[in-house]
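Let me begin by presenting the structure, written as structure tokens, before commenting on it.
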Amino acid sequence: MTMLAIMILVPEPLSAQQSLPPAPLAYEQLEDPAQEQAAQELMETLRCLKCQSQSIADSDAPMAGDMRHQVRSRIAAGEDPEAIRAWLVERYGDYVSYAPSVSETTWPLFAVPLLLMLVAGALIWRRLRKSA
1 MTMLAIMILV
11 PEPLSAQQSL
21 PPAPLAYEQL
31 EDPAQEQAAQ
41 ELMETLRCLK
51 CQSQSIADSD
61 APMAGDMRHQ
71 VRSRIAAGED
81 PEAIRAWLVE
91 RYGDYVSYAP
101 SVSETTWPLF
111 AVPLLLMLVA
121 GALIWRRLRK
131 SA
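With the first letter of the sequence shown counted as 1, position 39 gets the number 39 in the UniProt record's numbering; the numbers rise by one all the way through.
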């Protein structure tokens, strides 16, 4: 009987979360065209954490809507887009940005491809030198 009560009551709060209205600035543009342009440029470079393959500008996920609202409201308040990006990276991690900064945790992302290209170039050079 207890298990039946749990199964009935647990899905209710979950479905209530999906019925929340979207954030006010999630689907509305800013009145100032320059601010909206800055917001759009920033939103194109931020990854939707739920979809992972779309920017927050393209995603219909509720979380992307909340992030669009945050970006637009902060730009409307006069905050610098790079400060907004830094705040989102601090809050959600480096993965939120399509352009991660080089740090002690992300440097292998930049160094390993260069090393592989150098090794491949050296191997090709050695083979060409031996065959000539």
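Ideal Cβ positions, reconstructed from N, Cα and C, are used throughout, including at glycine.
Bear in mind the structure is a predicted one, so any value in this text is a computation, not a measurement.
Give every residue of the same chain whose Cβ lies closer than 6 Å to the Cβ of P100, excluding the five residues on either side of it in the sequence, and list them in chain order.
Same-chain partners within the cutoff: D94, T106.
Which of the three DSSP states is assigned to S131 in this structure?
helix
Leaving aside the five residues before and after A61 along the sequence, list all residues of the same chain whose C-beta is less than 6 Å from its C-beta, in chain order.
C48, K50, C51
Identify the residues that DSSP records as bridge partners of R47: which are they?
DSSP, once it has assigned bridges, lists S55 as partnering R47.
Spatial distance of A39 from L123 (CA atoms)
Between A39 and L123, the C-alpha separation is close to 46 Å.
Let me confirm a value: L42 is counted as buried when at least 16 other C-beta atoms fall within 10 Å, else exposed. Which label applies?
buried
Tell me where the alpha helix (DSSP H) around E82 begins and ends.
81-92
With 16 as the cutoff for other CB atoms within 10 Å, does M67 come out buried or exposed?
Flag for M67 reads buried.
Let me make sure I understand the geometry here. Which of P113, R72, G65 has the alpha-carbon closest to that of P33?
Selected option, being the one with the closest Cα: R72.
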